[in-house]
Structure formats: structure tokens, C-alpha cells
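Residue numbers (UniProt numbering), protein chains in the order written: chain D, 1 to 724; chain S, 1 to 222.
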């Protein structure tokens, strides 16, 4: 058996290496993509991990610590558990983008200076940079991953509960290192309304018992406090990881499918070409079972080699990515054992499918098998006896271009789906910001003290008091925020887009927003009546009320440059938030980053596979048609003419495949959308970018194919057919 | 029509040089019926390939109607083969995914106006019923007749036939030879036919024997 394999390896090293290479590529891609999902899980688990070291008992208060709750809790700690060393803390949460739209919030504990060493000891952390904070300030020390991820210096931090970030709430004076992600600050960092509570320390096993008992006590005494400890932390982690593992599984499944299709086609070609070999082996006494075992062993060796290479390459890429991609985004690289095991799906399925493929051939009788080795004609040959166009004859009557055709359909479908989802997401965020293209909303807690400078007021077309509603719009993947200004009936006339007589209680919307609201995609909107205004475009809306809280100013202007001036002024004035054109530009970047990355990886991955399939197909087709090239040349067709024939065939196969993939996917998408996506906002699937991407990549595959064909045809000697 | 001066074909390997065709001088006139015979490996096919531009001689001049063939570009040679030459080989070399009709019309650049010519040839060769078939649906004899039709469809001035009967039975073999001779005598085309058997070319007007790369005139029939 080994001798036979060695002979096979020597005879067809190129094909075997291509097979191993494609397996390795699939495995490494799969590993890298799923690691992104796992890194979210790992990073969040570092945050949740803090609750394995201690129990956090916390309550919400609008006016500092609540003495009655504090006393009740202390009583429980001392009387029930005999714990007198609980640490009183106040808690703030800082959020940061893990990557793109995925976020994590971690706690910053306001704590007495004297308790810091104990907390660090319990969490196995240490202060890696900076000095200890001063009491009565907003100075904090945070995990170093946050500093890397937020791209903020040690002197400014965003409390990022929403996109409207408030800069400078806290000042970072140092960083923490360790296996957990959290922050420390002086007591009182959460002033006024905020979270307050205690940290409860105990021995590992006892901590779980304390957490469970605390829960029942808290319920018994009707205290509105929440408890976070090892038990709840494990539950949270399990829940989070279930979704990450689902992500890993789906990613692997998808990437695997792409590669399994490619590998099975390579296998199919190989088996087809080796039918004569199998027929001869069968003729000299090898049973079908024996031949199947041979192929199984070959596939097993190739698959295993590819898998190992892929894992090594994937891990090498990951370690490269860790420094350049994960760490700078504040991401920890998760344990890739699960994703490594998932990658077995590629070689395993390919081996199983190869057995099915050879089984189909071996079912034929010996003569049939021998004869079939000469046949290269497709299933539909009898239907196309009258095709006049030479470019169509081979593609229609043979199965030579089948693999390329199927792949280009799959490729066009993928580009359509992912490209369009991405465009849809980007489009939705962009559309939601239409109203703010020439308007800025400035939010401030003290409007009466806030006045715009004259140079801005003079350039503005209107300045009116307004509130801002933040609404969630459900998207196919996640959600995005929609901002609707609320203006009083009195001031609404200053907004010409609302027409002459705006009515209080009316929500004025664009047609797009109207459809969204009717479909139920927008939540939390309260209004008496709704009216569609032709002046409003995209996803714009304004709510007119009798009375408003007047939390900010809505400034309208014609000169778009004024947005920058307003933003600068608001920033200098301090403690104000601005929603304008830039807010949406940042939102587009942030919210579509992850989707963009995944889409790009999948699109380019499939593109790469199509390129390989394209070159393999063209090479195979030309090798199989060497005789034909010779005959044509002997009969007087020049190499240019023959090259043109192949060019025409490739153009037809690729363009028909790409068009079929695009049209089929668009059709399926429309059906899917009408059946399953009602109530979800999907801006459009027919986007110019998709057509551009498909066209560009089809042309590239075509060029690569044509160059391959031209090189091979040039080397062909007309007499070789006879001499062979 | 053909004039060969000191034409030789030598295959050089690292160890030795092998002369497939030794220095040959040969003239073939328009409309001649030339039979070339000799044992396998004697160089007769090489002679045919050199005259038909399919092979470059190692040295010497090959002139066709006064034009030096070795000086032509590959495209010019292809054009010449398309316009002036017709080929029949031992194997039919039909293209498997093309129908009989498409295979026959392959040498024609301009397919318009070919219908009449196609009808004449396919009628003469008895191929009318087979036009929509694929080559793998034909017998060997039928395939070779299709190859003959393909060689003659463009009305070549020279027909090159390399062992056209080798894979056929006697009856089919004789039929193919008759078809080629009949076309050439009617159209005034030159027929250059190679065979390992003297019997096949016995009644040709001019016969050449090739042995060890050397070409000999055997005689001319009246």
C-alpha cells in the first residue's frame, strides 16, 4: 500500500500538494476566524472572573449610600456569616469596544486606599504603571487591556454607556495587570446617583455557600440589591460562551463548506482522471473495497498533512495577530482547542465524500469503467447538439467547467449576501443620521447657562431648545441607535422641514422611518399621531410636543463646516454632548467594523478559493484538450484563435455563473426577507458595491484563467498529438 | 510545387544525434499523386510533417510554390495549412465534444456558404445521416470518413495523409484511399500519402521509399 502511495505521490506531486495546501488554508482560516469569536468570550470572561474572587453586593441609589440598606446588609454579613471584614465600595462601569460593535463593561470600584492591597491579592493583580490615586478625586487605575483597547491616554477616559461619550469623567493615573479586567478608584467615585455596595471575601468553597445564602436572605428581607459571585459569574459565562461557541461553530461550518466544496471538486477531478487506473487495478483483481481503502488512505494522509499544516499555520498567524490585532483592541486570545477540533470537519467530510465519489464510479462494470475514462461529456450533452456558438459548445457539452461554474455561483452568492448585509448595515446607520447632516444637537445639563458664541449663532439658520430621543432599531445582526429630536410646538416653526403648522403630539417622519415604525422595528416611541413629511428623507423624524424638558439645543445651519466649530466649542465648554454628522461617521466606523471584517474575510476567502479553482480548472481543461488544441492548430487555427476560444468560454462560464449567483441570491433573499425578516430593517440588497465587487473579482479570475490558458497554449506543439 | 533541398531532421540527445531524415532533395509537382512507403521509424512521417509545416527541419530549404516554409511565422504556417492543406491521420483525431458537422467544418474560417460544399462532401462520403452525432457515437470507419471530409471541406491544394488506413479494415481502408484519390484527380490537388505498406500505394503514379532516413524514387506508374 505504501509503495503504491509513494508511486502516486511521485506521479502527481502537484495535485497532492494543491490538495494539502487547500486543506491547510481552510483549517488555518477557520481557526483564525473562530478565534475572533472566542477572544470576545475570553475577554468578557476576564471581566466576569472578578466575581470568582469575591461577591459583589450592590444597589442603585440616587443620593449616595443608603444607610438602611447598608445596615441591613452589614447585619446579615455579621450575624449570619460572621464576616466583619466586608469592604464598602461604590461602583462605576466603564465600557469599551472589544472590536467594532461588540462591547464589554467592567467595574471600577471606589475603595479605601487601605483595602487596595487586599483586593489585588484576591484578584492576583498588581499595579503595573502609575501612582496610587488621591482620595476625593476622580483618579482611577484600570486594567491595561482597557487602556490599549480604548486608545486613550492615561489622562482621559470615556464612560461609554452610549455613543455620546463624556470625556474626562475620570482620570486614569495607572494601570492594573493580572488575569482579570477591572478598575480601582477612591471612595466616592460614583457620586449622587450610582451603584453602591460591599465586597465580600471568603474561602473558595465557602464563597459559593455565602452567595447562595445571601440570595435567600436578601429575598427574605425584601432588599433591592443584586448579588454577583462565583455562581452567577459561572451562569453568565456559560450563557455568553454558548453564543460564542455557536459563533465558532457557524463560522467553522461556513468556512468548511466553502473549502469542502472546493476540495470535493478537486477530488472529483482526480478520481475521474484516475478511472482508468482504478479500472486496470480492478481488472487485475483488486476488489472495490480494496480500491476504496486505497483512496481512503490517500485522502487520510493528505487530509492529515493538510490539517496539521493548517493548524501550525493558523497558530502562527494567530500569534502574529495577537500582537498586531487582538492586544491593541484589548482582546485576549481565547483557548483555541475547541476551534482546533472544529477544523477537523474539513478533512473529515472531504474524506467521507471522496468515498462516496469513488463508490459511484466503482458501481459500473469493468468495461464501463474503462470506457468512462475516455468520456468527458456532460450530462446535458444530448440537449445541445445544435449549439452554433463555438464558445458555448465545450462548456455546455462537457463537465470541464462545472467546478468553476459552481464556485463562481457560490462566490457571487456570498458577495451578494455579505456585501449587501454590510451595505445594509452601513446604509441604515448613514440613513439614521440624515437629519444631522446640517444640524447639531448639543446636550447640556445647564441649558440656561449655556449660550452659543455669536460667530456660530450668526451662521446658523435656527437655534432652538430641544430634547433628543434615543431609540433602538432592530437590525438583522444587532441593533443601531436612532436619534429623534423633540421640539416644542412653539419653537417647531423655526424648523422649516416640519411645514407651516406643526401640531403638538405629532411625530413627523420620513417614509423610511414610517415603514420602520409600522413594521415594529423601532421601540420605545410615544406619540399621539404620526405624519409622513416629504421634506424628511432616509430615516429622519422629529417629535413635536406641547412641553419639552429642554435638555439641549438643536442648531441648524447651511454651512456643513459649522459642525466642526460647534463641536469644538461644546468640547471647550465641558460636560456637553454633541450629536452631529461626525457622530454618525464614527458610528458607521464602529458599528460596521466587525461585520466589515467578517464579510471581507469570507468574501476574499471565497475569492481565493475561486482563483485556485479557476487556475486548476483552466489547467485541467487545457490538459484534457491538448489533443483538441493540436488538431485545431494542424487544421490551421492559430494559437491566438484558440486562445480566443478559451477566452470566450471563460467569459461565458464566469459571467453566466456570476449573474446566476447574483440573481438567484437576490431572488432568494427577497423571498427570505418577506417570509422571515418582517419587522427587521434591511435597507437594500441590490447595491452597486455588490455588482462592482462581483464584476471586479470575476474579471480578475478571468484574467488569471486567460493568462494560464495562453501560457499553456503557447507551449503546445501542434505535432504533439501525433507524437504522443 | 514542393521543393526540398538538403533537408534533414536530426534529433539530438546528450549522448548522440539521431537522423530521422538524412539530407534529402525532392521535388513534387502540382497535381501529383505521391505514395511514400517504408518500415516503421524510417522517417517517412517526418518527411510529410516537414512538407506540411508541422515540423521544422534541422537544416535545408523547404519551398512551397516558391515560398520558403521555414521562414514563415507560426501564424502564417497555420494560415497556409488552413487554406491550402488537408490532413488525414492514422487516428481520426476528431474533437469529442463537437458533432460530426462541427468537426467537418472546423478548418473553415468563414462558415457561410459552406452548406453546399458540406452537402456535396457528406453525400459523397455517406455521412448525411451522421451529422448530428458525436465522434464517440461513430464506428472507426465512419470516424475516418469524417476525418476525410474534414480534410477536404476547404478544397485543399495538397492533401497529406499519414497512414490513413492503418486502423481500418481492408474494405474501409480501400474506400478511404479511393475517396482521397478521387478528390485529388477531380480537383487537381496534390496527394501525398504515407503508408508502411507498399500494397496501399502500389497503384500510385509516383512512389517514394524511405529507409533509414534516406528517400529513394521507386518508380512511376504509367
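By construction, the Cβ of each residue, glycine as well, lies at the ideal position given by its N, Cα and C atoms.
Name the chain D residues that come within less than 7 angstroms of residue 98 of chain S, Cβ to Cβ?
-> 393
Establish whether the CB of residue 9 of chain S and some CB of chain D are separated by less than 7 angstroms.
-> no
Would residue 767 of chain D count as contacting chain S if we go by Cβ distances under 7 angstroms?
-> Lying outside 1 to 724, the shown extent of chain D, residue 767 of chain D is not represented and no answer is given.
Of the residues D:185, D:81, D:531 and D:202, the one placed nearest residue 122 of chain D, counting alpha carbons only = D:202
Contact list for the stretch 707-719 of chain D against chain S, Cβ threshold 7 angstroms = 718 and 719
Taking DSSP as the reference, what is the three-state secondary structure of residue 715 of chain D?
-> helix
Taking Cβ-Cβ distances below 9 angstroms as the criterion, which residues of the stretch 122-134 of chain S are in contact with chain D?
-> Flagged, chain order: 132, 133 and 134.
Buried or exposed: which applies to residue 811 of chain D, given that a residue is buried once 16 or more other Cβ atoms fall within 10 Å of its Cβ?
-> Because chain D spans 1 through 724 in this model, residue 811 of chain D falls outside it and cannot be assessed.
Straight-line Cα distance separating residue 304 of chain D from residue 483 of chain D | 54 angstroms
Between residue 460 of chain D and residue 555 of chain D, is the Cβ-Cβ spacing less than 7 angstroms?
-> The answer is yes: Cβ separation under 7 angstroms.
Residue 162 of chain S bridges to which residues according to DSSP?
-> S:194
Less than 8 angstroms between the CB atoms is what I'm expecting for residue 30 of chain D and residue 252 of chain D, so what's the real figure, rounded?
-> Rounded to the nearest angstrom, the Cβ distance from residue 30 of chain D to residue 252 of chain D is 5 angstroms, consistent with a contact under 8 angstroms.
Give a yes or no on whether the C-beta atoms belonging to residue 87 of chain S and residue 634 of chain D are separated by under 7 angstroms.
-> yes
Under 8 angstroms Cβ-Cβ, which residues of chain S neighbour residue 298 of chain D?
-> Per Cβ cutoff of 8 angstroms: no residues; residue 298 of chain D is ~29 angstroms from chain S at best.
Please report how far the alpha carbon of residue 522 of chain D lies from the alpha carbon of residue 406 of chain D, in whole angstroms.
-> 40 angstroms
Have a look at D:498, D:603 and D:292 and flag the residue whose alpha-carbon is nearest the alpha-carbon of residue 409 of chain D.
-> D:603
Consider the Cβ of residue 145 of chain S: report whether some Cβ of chain D lies at a distance smaller than 7 angstroms.
-> With respect to chain D, the C-beta atom of residue 145 of chain S has no partner C-beta closer than 7 angstroms.
Which one of D:358, D:336 and D:333 has the shortest CA to CA distance from residue 288 of chain D?
-> Ranking D:358, D:336 and D:333 by Cα distance to residue 288 of chain D puts D:358 first.
Comparing alpha-carbon positions, which option in D:548, D:207 and D:540 lies nearest residue 505 of chain D?
-> Out of D:548, D:207 and D:540, D:548 has the C-alpha closest to the C-alpha of residue 505 of chain D.
Would you kindly work out how many angstroms separate the C-alpha atoms of residue 70 of chain S and residue 356 of chain D, rounded to a whole number?
-> 54 angstroms
Drop a sphere of 10 angstroms on the beta-carbon of residue 162 of chain D, count the other beta-carbons inside from all chains shown, and report buried for 16 or more, exposed for fewer.
-> Confidence is the limiting factor: at residue 162 of chain D the pLDDT is only 42, short of 50, which leaves the residue's position unreliable, though a coordinate-based value still follows. Classification for residue 162 of chain D: exposed.
Cα separation between residue 286 of chain D and residue 271 of chain D?
-> 16 angstroms
Host alpha helix (DSSP H) of residue 294 of chain D (start-end) | 288-321
In chain D, what lies closer than 8 angstroms to residue 164 of chain S by C-beta?
-> Going along chain D, no residue has its Cβ under 8 angstroms from residue 164 of chain S, so there is no contact; the nearest lies around 13 angstroms.
Taking Cβ positions only, does residue 78 of chain S come closer than 7 angstroms to chain D?
-> yes
Measure from the C-beta of residue 117 of chain S to each C-beta in chain D and report whether the shortest distance is under 7 angstroms.
-> no
Output the distance between the C-alpha atoms of residue 165 of chain D and residue 577 of chain D, rounded to the nearest integer angstrom.
-> Because residue 165 of chain D carries a pLDDT of 43, less than 50, the predicted location of this residue cannot be relied on, and no value is offered for it.
Between D:429, D:511 and D:499, which lies nearest to residue 585 of chain D when the distance is taken from Cα to Cα?
-> Ranking D:429, D:511 and D:499 by Cα distance to residue 585 of chain D puts D:429 first.
Three or more beta-carbon pairs under 8 angstroms between the stretch 620-634 of chain D and the stretch 455-469 of chain D, yes or no?
-> No, they do not touch.
Where does residue 730 of chain D land, buried or exposed, given buried means 16+ other C-beta within 10 angstroms?
-> Residue 730 of chain D falls outside the range modelled here, since chain D spans only 1 to 724, and no answer is possible.
Quick one: what's residue 110 of chain D bridged to in DSSP?
-> DSSP output for residue 110 of chain D lists D:90 and D:185 as bridge partner(s).
Just tell me which of D:592, D:315, D:319 and D:87 has its CA closest to the CA of residue 732 of chain D.
-> Outside the displayed span of chain D (1 to 724) sits residue 732 of chain D, for which this structure offers no information.
Could you work out which residue in D:421, D:56 and D:524 is closest to residue 600 of chain D when comparing CA atoms only?
-> D:421
Return no unless some Cβ of chain D is closer than 7 angstroms to the Cβ of residue 55 of chain S.
-> yes
Determine the contact status of residue 125 of chain S and residue 100 of chain S, defining contact as a CB-CB distance below 7 angstroms.
-> no
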